[in-house]
Structure formats: C-alpha cells, structure tokens
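Sequential numbering from 303 applies to the sequence shown in my numbering.
Here the structure comes first, spelled out in structure tokens, and everything after it is commentary.
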Amino acid sequence: MPRRIPRTAPDRLTTPGRFPGFLKTASVCVLMAGLLTPLSPAAAAGVSDAVTTAEVTAANDHCGNQCSDILPPGQNGNATLAQILLNQAFGTQPAHAQDQLGPYANLAKGYSTLTNATINTFFNDASFGVPADQVASTVKPAGRGDVTIVRDKKTGVPHITGTTRYGTEFGAGYAAAEDRLWLMDVFRHVGRGQLTSFAGGAASNQGLEQQFWRNAPYTEADLQAQIDNAVATNGARGRQALADANAYLDGINAYIDASDSGRYFPGEYVLTGHKDSITNAGTIAHFKITDLVALGSVIGALFGSGGGGEVNNALSLLAAQEKYGVEQGTAVWESFRERNDPEAVMTLHDGRSFPYAVRPENPQGLALPDPGSVVEEPLVYDRTGSAATSTAAIASTTAATTALGSARRGMSNALVVSGDHTAGGHPVAVFGPQTGYFAPQLLLLQEIQGPGISARGASFAGLSMYVELGRGQDYAWSATTSGQDIIDTYAVELCQDDHHYLYRGTCTAMEKVERKNAWKPTTADGTAAGSYTMRVWRTKYGPVAYRATVGGKKVAYTTLRSSFLHEADSIIGFQMLNDPDHVKGPESFQSAVQHINYTFNWFYADSEHTAYYNSGDNPVRASGVDAEFPAWARPAYEWRNWNPATNTAEYTPASAHPNSIDQDYYISWNNKQAKDYTTAPWGNGSVHRGNLLETRVKKLVQAGGVTRASLVKAMADAALADLRAEDVLPDLLKVINSSPVTDATAAAAVGRLQAWLTAGGKRTETTAGSKTYADADAIRIMDAWWPLLVKAQFEPGLGAGLYTAFTANLPVDETPSAAHGPTGAHAGSAFQYGWWSYVDKDIRAVLGEPVQGPLARKYCGGGSLGACRDILISTLKEAAGRTAAQVYPGDAVCAAGNQWCADSIVQRTLGGIKHPGISWQNRPTYQQVVEFTSHR
C-alpha cells in the first residue's frame, strides 16, 4: 500500500506558530525530512504495502446514493515533523489535510446552478462502504484479525469494519489517533486545566485552560466517579459503554506505540519538547478512561450547556430599576429580555406550548446584589516568571474570554422537509453543527460497521467510539445547540470567613481545588518560563463565580449546572443512535436522544418520517424561583429533590421537552424552540438569523417539489445573507425616505444601500476567487453604521448606565469580521447575537406599524418620526465617511482596509499545519445532505 504518514499540530493554541527564521531555510527542511523519514504506519503494523482492492461492501445502505457530507479542511489531522516544517516553509500539505476545504468553499459561488447531480461536486459521497476502485489503503491495526480499516482515495476517511465488538472499537480508537492524536492530547489537557504545562505558556494556551477549568474544575476522583456512575445506572448498556471505551482506548494506545517506535508520531511532540527528533527520547503518554471524561467536559461546555448569566441579568435589572423605578424598570427589562416574544421564529410552529423557565407571577427567593458590590471571583494566583509581567494577566484574561469563541458562540443549523412536500416523496434534510474552523478540525469523519454498530458521520476527536452526528442504515440525525437554561446561580451566605458558607443552617467549609501549572520555552512556543496556580472554591451549590453583598450580607454567587459531574452520562444516547436494532423510526430516535443530557435540538429523517426532540436535563425549579436571577441557597429554593452528593434532581419529563414527529418542515439556527419555552441566550425576538432559513424553507414548502439541491440552495443562500440588510434595513430606509433626502452624502449612501438590498443584501464575491465583494461600499457603510445607529437610537433614552448593562447581556452586533461582536475574527458564524430585534421593533413602533411584544418605550428620537429620521441620517453620514481601513482595521491575517479578508474564514491552527483563508459563509462546519429512498 502507498506509504500513509499520519498527520497534525498548534499556533493559536500556540505551538508551531512562530518558528525561527532557520526553519524557512530549504536545506534545513530537506535535511530534517531526511532525518525524520519514518516507517509507514502500514509497515509498522506488518501490513503489505500492496493496496487491497477488494470492495468494502455497502451492506444495508438505504440511502440510494443520496447521502452526502463535508468536513473541512480535511480528514488528515496529524503531521510528522518533516511535514510541518515543509508546510511552514513552502505551504505544502500532507495528503488529505486540505482536500475538503476547496469543495466546501466553492459552494459560496457555485450553489446558484446546483442540481442533485452536482451535489457531490461540493460534498463527499456518504454512502456506506468504498467501491473497489476507490480503496486507497487497507490496514489491520496492530495485526488484529477482527477489524479492518479501509481508507478511500478521495478523502482518506476511515471505514472501520469489525467482526467483534472489541475489534470494532479498537479500530475506531486506532483510526482516531491516526487522524487526530495531537489534537486529542491537547484537549485532554485542556479539560484537566493543564494545557500550559503541556503545550507552552502562550496567552492563548492560558486562556483555553482557564476558560474550561473554571467551568469544570474536576479532580481525578471526580472524573472516575462519573465513569462509575454512568456504568452503574445504565445496566447492560452502561457495561457495554465501558467495554467500548476501553477497547477504543486500547486502539489509541496501540497507535501511540506504533507511531512512536516507527517514528511517524505528530511532529508537535518534538516542537513542544516531549520527544527528541534525533534520539527519539521522550514519551507520549497513553490515554486512560478519565481522559475521555476530561475531553467530554470540554465539548459539553462548548456546545451543550445552556444557561448561566444570572448575575449579569441582575445587574441590568438593577440598572433599569434605578433609571425608571422598580415597576417601569422591570417592564423595560422584560421587554428587552424577550423571554417569550410572540414574533420570534420557532422550530415548532404547530402552536403547541412547552412552558419552561417562564416568569413566575410572584417571584420567590430573589438574591439581587447590592449596587456596586459584585466582584468576579479570581481564578489565577501565585504568578511567577512570564506569568507575572504587567501585561500577562490582561493577555490571558482576554484570551480566556475569546478562547474557541467561534465554536462556543456559533452553533449549527438544520433544514428538514417532510416527504409530503418533496419531489421524491421522501424527507430531505440539510443539517450539521457549526463548530468553528480549526486545523485540525475538532470533528473527524468515520464509518463504523460492527456488531451492534452501523453508522457514518462525524465525532469529536477523542470521543469517536460512536458516530455522534451522522447517518445509520436507513436514517440520519443531527443537532443544533438549544441553549435552554440548565445552569442556575445561587447566593450562598458566608459565615466565619470568605471560605465558609451556610449550607442548610450549618457553617460549612468550601472545597479548594487547584491546578499548578509551569512552563518553559520550546521551539513551538517561545514564551519565557513561568507558572501560576488556578484555584476554584467549590460548594455544594457549585463553584464560586462572584462575590457580593445582598442586603448587606456577604455572599458568594455559585453556578449549579445539571450536567456538572455528569459529563459521561450522554454516552448511552450516542450508543443507541449507532445501534440499528434500537433506532428503527422516529419514536426510537427520540428515546435515544432523551438519554443525552447536553442541551441540543435533535433532528431526524428516514425515508418516511421526520422528527425533532430537545434534549437536556432540565431541572424542576422550586415554585416561584425565577431562572433569570440569582436565588438564595436555601432548601425552599433548591431544585426539586436535589441531591448535592450526586448533583441529581427531578427533571422535566420527556413530554415537556419540545418534540415533534412529521411536522411539514423544521428549521433551526439556535432560535427559539417552541411557544413558552424560554432559552437562556438573549435575542430571540422578531429578527433572528433563524428567519433567514424560515423565509426560504417556508417558500420552498409552499411551492412543493423540494429536492436535495433546492434545500442546499436555500441553506447556501442564507449563508451569504446579511441579516441586518435582509430584515432590518427595509424599515430603516422607510424612515429615512419618509421625507426627501437632500444631503448629498446621505443620499449617495442611501442609494448604495438600496441597490445592495435590491441585489439581495448578500456578502458575496463579484466572481469566484475575486476576493472582492459585490456592493462593497454598501457593506462597508452598513458595517460602520450599525453600531453608530444602535447607540444613537437607544442610549439617549436608556441612559449610558443601562445601555452599557444591556450590551453586556447582548452584544450590539456580530458581523463576519466581528469588529463589534463576540466571536473573534475569521470565525464564519455571524449574526447570532445582536440588537436587530430591538432596532426592528422600535423602528416599526415609530413608524406606527403594529408590533407584537413591543419594547416598553419608544427610543428612536423619543418616538418622533422626524427626530428618529435625523438620528438615522446623521449616523449614516458619519458611517459613509469612514474609510475601509477604519471599518476593517487589520489584524495578523489581513491588511487594514481589506474587507473580504476581514470577513474571510481562517482555519485556526491547533497544530502545525496551516491552510489558506476562504470566502465567508455562515453555515455548518460539518454538514449532511440526505434523502433515504427505502427503509428496513
């Protein structure tokens, strides 16, 4: 078989991102390549180099060649040291490291002429198996006779086939390590809060470990206890999950041993000082079962933990009450909160109500802080060396707030249409998670076929014993982040000192949990030697997040998450999803995802049915407790039947979760799930990016004859839309044009904006690869105008204090360049969080148009149309005068003024291999297009 050298390495996580100049010298690269030429993995495994041409059969595949998927940049996420050096010096790519990036990027300009026949120009064929002429390699890992890993020529995706359950999972672990070993190692250290000691002390590394360990400060005993609990409480499936995990770990560790002895392990281990490139001295630590829980805690924190924010909510409520008085201030606050906005787009549009976290009529147990008393709990102590410099704390804190922001903030969409409205009479789905863009990608593709497992799709690296999002024999499933509130804030009254609190009347000591990290400079990260200690104080009500006083009493605000100490529980649901004997239709699909305690919206399609279910352990709160604000840590306000020893409680029943079978269509882009179902994030109002899907899919369904191609087109069209232009700009122009625009500068700007709107209001290149936007001036004006108009529209009426408090609850803007938004630049995901609904409702109110769920007051121009128009024109003129360099100030990737580059998507390096930027799209990272033609 052709030599297959495994693959990847860090730079944003800072490892091989800043090589000395000598690494750019070609002669050194060639020398290093010669020194480090490794054995091929196949040779190390004792497998013939001759390509096995026997076809991997596509048994029990009911997709009829109508399943496709894509996951940029590529399957190969490992790279040897030689490959990293060549990439850094000359830009060369290891095999399959980048071959899915081009097709993914090309959809942005290619979707308009898409047909069913050309879908796989932009996606992979996701049929089961590999045709005989497409087999690139066949490996029996570690010489085992009960599992075979076949990789295809086009993408290098592993197709794992086992004759025993153990062998199947062993193969899954081996293939995962072959594709993502370095990344898996990075994230097991992130989950343990030990990244800087492992990969270096750069501010970005400090930020990663600080962000995640603050939310999941587990001891080794905590990690093991979660394994034990998941096994003990799930009977035969729990025992099978443990056996699967151990087999998976054995496969990972077998690859570590083989790559170490064969010297084809990821080159990052050399660059970070863990291995010696000449002598091969040093070790790569084996993975153990608790590593999987550490990895799971990172993924859960990123994608599946809705809620929190009660302290910020309290601060903005207090600011509103200070401005307007208690009654009117509360009304203003509620109107901006939009808990149950009647104009919000919803996934379930059948009118059914699913009350959750609704506002109580008579709130009980509120523990609002005294004004000015709130202080965030410190995390980092005892800084030394480079960690103790004047800028170190600021840099690491900034990095912590933005760590993996594109993954954390922008989360997935789904378009699912019932067979009643499709051309083929079968449901069609286009769906996937929006997990950010990384190199290597956080997810990996695989197909697993073995006893009790039959699936292809994506899994998080290091947790890929099962396919987590993908397709089975005759069904497919996916998820979007739902964000309902499973995190509450409690005010624990302090006693004795700052580290004792009253627990049910008894003065109780807080538990101190620490991580002490130290680092020294390496080739990958030249940060000078330093160290610090991360310290979290845990109570029975969760870790301490803030300190304050309430009515003069000293308190600590803690965060209690229903999935805390239960990161491993969801494994049972994923096991069921992979089991063809379990999932046989929409009802059994729903029963599977009910075992997942992460907060997700789950979607399903087979040849006959579609389905939806919202998962998560939703705690039943005490009567009168308002989930929006901190509550006193007293028995009367605790979750019903809460047991602090196990962090378990009574949860809302499955029937109370939004759920549905065979609705005419479903859309989701992290929008509101259903009537009366409150989600934790702010901004679920009249304008939401979910509207971009709702408008397009509803139109398709009304016309009928929906195809895979037409549904992909709807997704791709929405992916280029500027939400502000499509849903808010028409009303802004209505106000401006309520009288003739006589100012030449304003008139020219209005003309450009109107022309852009007429053209569709999209952020798209003039031609593929031009790296220049059509309607570039209008886009520049809108990007400059939005923050100016929002501030001028609302700050005079709200006052500076309340305006600032509300912007802490919900950012004003989230453009693709993220100059004003929370995701960080080059992240792809955009228009999830912003003040679009507020602007929309207020402008319509000023125009005298009907508004359901209006803001409590009119703000633009104090409610005067003329004054409002003056504000819009004055801010528009200011925006029009701002140069591209002012609007797009430049960064490490882009020169100032380069609009296209400012928006562009960059695969953020978590390893040593870098990739070029691509034109902006607002779409899932991993995406499926499916239409099953038959059923078992």
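The C-beta atom is built at its ideal place from N, Cα and C for all residues, glycine as well.
Q: State yes or no: is the C-beta of V1037 within less than 8 Å of the C-beta of R1171?
A: Here the question's residue 1037 lines up with position 735 in the sequence shown. Here the question's residue 1171 lines up with position 869 in the sequence shown. Cβ atoms of V1037 and R1171: closer than 8 Å.
Q) In whole angstroms, what separates the C-alpha of G611 from that of N1111? A) The residue given as residue 611 occupies position 309 in the sequence shown. The residue given as residue 1111 occupies position 809 in the sequence shown. Taking the straight line from one Cα to the other gives about 8 Å.
**Q.** Member of D448, A527, T394 whose CA lies at the smallest distance from the CA of T948
**A.** For the purposes of this step, residue 948 is taken as residue 646 along the sequence shown, with counting starting at 1. Measuring from the Cα of T948, the nearest candidate turns out to be A527.
Q) Between the beta-carbon of R806 and the beta-carbon of P937, is there less than 8 Å? A) Walking along the sequence shown from the start, residue 806 turns up at place 504. Walking along the sequence shown from the start, residue 937 turns up at place 635. Yes, the pair counts as a contact, with Cβ atoms nearer than the cut-off.
Q) Within this structure, are the beta carbons of Q1230 and A778 separated by less than 8 Å? A) Sequence index remark: in the sequence shown, residue 1230 carries index 928 (1-based). Sequence index remark: in the sequence shown, residue 778 carries index 476 (1-based). In this structure, A778 lies closer than 8 Å to Q1230 by Cβ.
Q: Find the nearest neighbour of G412 within the set Q402, D401, F424, A419, judged by alpha-carbon distance.
A: What you label residue 412 is simply residue 110 of the sequence shown in a count that begins at 1. Nearest of Q402, D401, F424, A419 to G412, Cα basis: F424.
Q: For R773, count neighbouring C-beta atoms within 10 Å of its own C-beta (all shown protein chains included) and say buried if the count is 16 or more, exposed if not.
A: For the purposes of this step, residue 773 is identified with residue 471 of the sequence shown, where counting begins at 1. Looking at its Cβ environment, which holds 16 or more other Cβ atoms inside 10 Å, R773 is buried.
Q: Counting only the same chain and skipping the five closest in sequence on each side, list residues whose C-beta sits under 6 Å from that of I1220.
A: One-based indexing of the sequence shown puts residue 1220 at position 918. A407, I1207.
Q | Rounded separation between N615 and T1106 - CA only | A | Translated into positions along the sequence shown, residue 615 becomes position 313. Translated into positions along the sequence shown, residue 1106 becomes position 804. Each residue's alpha carbon lies about 12 Å from the other.
Q: Mind checking who K822 pairs with in its DSSP beta bridge?
A: Position 520 of the sequence shown, counted from the start, is the residue given in the question as residue 822. Per DSSP, none; premise fails for K822.
(Q) Distance check for R661 and T997, CA to CA, integer angstroms please. (A) For the purposes of this step, residue 997 is taken as the residue at position 695 of the sequence shown. For the purposes of this step, residue 661 is taken as the residue at position 359 of the sequence shown. Spanning the two alpha carbons is a distance of roughly 30 Å.
Q | Cβ neighbour criterion (16 or more within 10 Å) applied to P568 | A | Here the question's residue 568 lines up with position 266 in the sequence shown. Answer is buried; the Cβ neighbour count reaches 16.
**Q.** Same chain, Cβ closer than 6 Å to K822, neighbours up to 5 away in sequence not counted
**A.** Sequence index remark: in the sequence shown, residue 822 carries index 520 (1-based). Excluding sequence neighbours, K822 sits near A831.
Q) What did DSSP end up calling T1074 once you bin it into helix, strand or coil? A) Here residue 1074 refers to the residue found at position 772 when the sequence shown is read from its first residue. It is coil, neither helix nor strand.
Q.
Tell me the residue span of the alpha helix (DSSP H) that contains E570.
A. Taking the first residue of the sequence shown as 1, we reach residue 570 at position 268. First-last of the alpha helix (DSSP H) with E570: 570-573.
Q | Cβ-based neighbour list, A894, same chain, cut-off 7 Å, excluding 5 preceding and 5 following | A | Taking the sequence shown and counting its residues from 1, one reaches residue 894 at position 592. Hits under 7 Å: G875, M878, L879, H884, V885.
Q. By how many angstroms is the C-alpha of E749 removed from the C-alpha of G759?
A. Counting from one through the sequence shown, the residue named residue 759 turns up at place 457. Counting from one through the sequence shown, the residue named residue 749 turns up at place 447. For G759 and E749, the distance between alpha carbons rounds to 6 Å.
Q: Indicate the three-state DSSP secondary structure (helix, strand or coil) for C1196 in the structure shown.
A: As a first step, residue 1196 must be located in the sequence shown, where it is residue number 894. Here C1196 sits in coil by DSSP.
(Q) Would A858 pass as an interface residue toward chain D - the criterion being a Cβ-Cβ separation below 8 Å? (A) In the displayed structure, chain D is absent; only one protein chain is listed.
Q.
Bridge partners for K974 per DSSP, in chain order?
A. The count along the sequence shown starts at 1 and reaches residue 974 at position 672. According to DSSP, K974 bridges with M648.
Q.
Given a cut-off of 8 Å on the beta-carbon distance, is the pair A549 and F472 in contact?
A. Position 247 of the sequence shown, counted from the first residue, corresponds to residue 549. Position 170 of the sequence shown, counted from the first residue, corresponds to residue 472. For A549 and F472, yes; Cβs fall inside 8 Å.
Q | Rounded separation between V437 and H1217 - CA only | A | Counting from 1 along the sequence shown, the entry for residue 437 is found at position 135. Counting from 1 along the sequence shown, the entry for residue 1217 is found at position 915. Approximately 26 Å between the Cα atoms of the pair.
**Q.** Inter-residue CB distance, L292 and L620 (contact presumed, cutoff 8 Å)
**A.** Outside the shown range of the chain (303 to 1238) lies residue 292, about which nothing can therefore be said.
Q. Is there contact between the segment 1090-1098 and the segment 984-991, where contact requires at least three CB pairs shorter than 8 Å?
A. no
Q: Check whether the Cβ atoms of F902 and T782 lie closer than 8 Å to each other.
A: Translated into positions along the sequence shown, residue 902 becomes position 600. Translated into positions along the sequence shown, residue 782 becomes position 480. It is a contact, given that the beta carbons lie within the stated cut-off.
Q: Count the CB pairs spanning the segment 584-594 and the segment 556-576 that are closer than 8 Å, and state whether there are at least three.
A: yes
Q | Beta-carbon proximity list for D1148, same chain, < 8 Å, skipping 5 on both sides | A | Here residue 1148 corresponds to residue number 846 of the sequence shown, with the count starting at 1. The sequence as given places Val at residue 1148; Asp does not occur at that position. Correct list, in chain order: V1037, K1160, C1162, G1163, G1165, S1166, L1167, C1170.
**Q.** Local Cβ density within 10 Å of C853, reported as buried at 16 or more and exposed below that
**A.** Here residue 853 corresponds to residue number 551 of the sequence shown, with the count starting at 1. Looking at the sequence shown, residue 853 is not Cys but Gly. Looking at its Cβ environment, which holds fewer than 16 other Cβ atoms inside 10 Å, G853 is exposed.
Q. Who are the near neighbours of S1236 in its chain, counting only those whose CB is closer than 8 Å to its CB and skipping five residues on each side?
A. As a working mapping, residue 1236 is identified with position 934 in the sequence shown. Cβ neighbours of S1236 beyond the five flanking positions: H364, G366, D776, S909.
Q) Just to confirm, does D1115 get its C-beta within under 7 Å of one of the non-hydrogen atoms of the ligand FAD? A) Among the ligands in the structure shown, none appear at all, so the ligand FAD cannot be discussed.
Q.
Going by DSSP, what residue range makes up the alpha helix (DSSP H) through A556?
A. Here residue 556 is taken as the residue at index 254 of the sequence shown, counted from 1. Taken as a continuous stretch (DSSP letters only), the alpha helix (DSSP H) holding A556 covers 537-564.
Q. Per DSSP, K855 is paired with what?
A. Here residue 855 corresponds to residue number 553 of the sequence shown, with the count starting at 1. For K855, which the question treats as bridged, DSSP gives the partners V852.
(Q) Could you pull the DSSP bridge partners for Y834 from this structure? (A) By one-based count along the sequence shown, residue 834 stands at place 532. Answer by DSSP bridge pairing, in chain order: N819.
Q: Would you decide whether E511 is buried or exposed? Buried here means 16 or more other CB atoms lie within 10 Å of its CB.
A: Taking the first residue of the sequence shown as position 1, residue 511 is located at position 209. It is buried - the Cβ of E511 has at least 16 other Cβ atoms within 10 Å.
Q: Output the distance between the C-alpha atoms of M648 and G918, rounded to the nearest integer angstrom.
A: Within the sequence shown, residue 648 is the residue found at index 346, counting from 1. Within the sequence shown, residue 918 is the residue found at index 616, counting from 1. Cα to Cα, the separation comes out at about 18 Å.
Q.
If you reduce the DSSP assignment to three classes, tell me which class E795 lands in.
A. Numbered from 1 along the sequence shown, position 493 holds the residue referred to as residue 795. If DSSP states are grouped into helix, strand and coil, E795 belongs with the strands.
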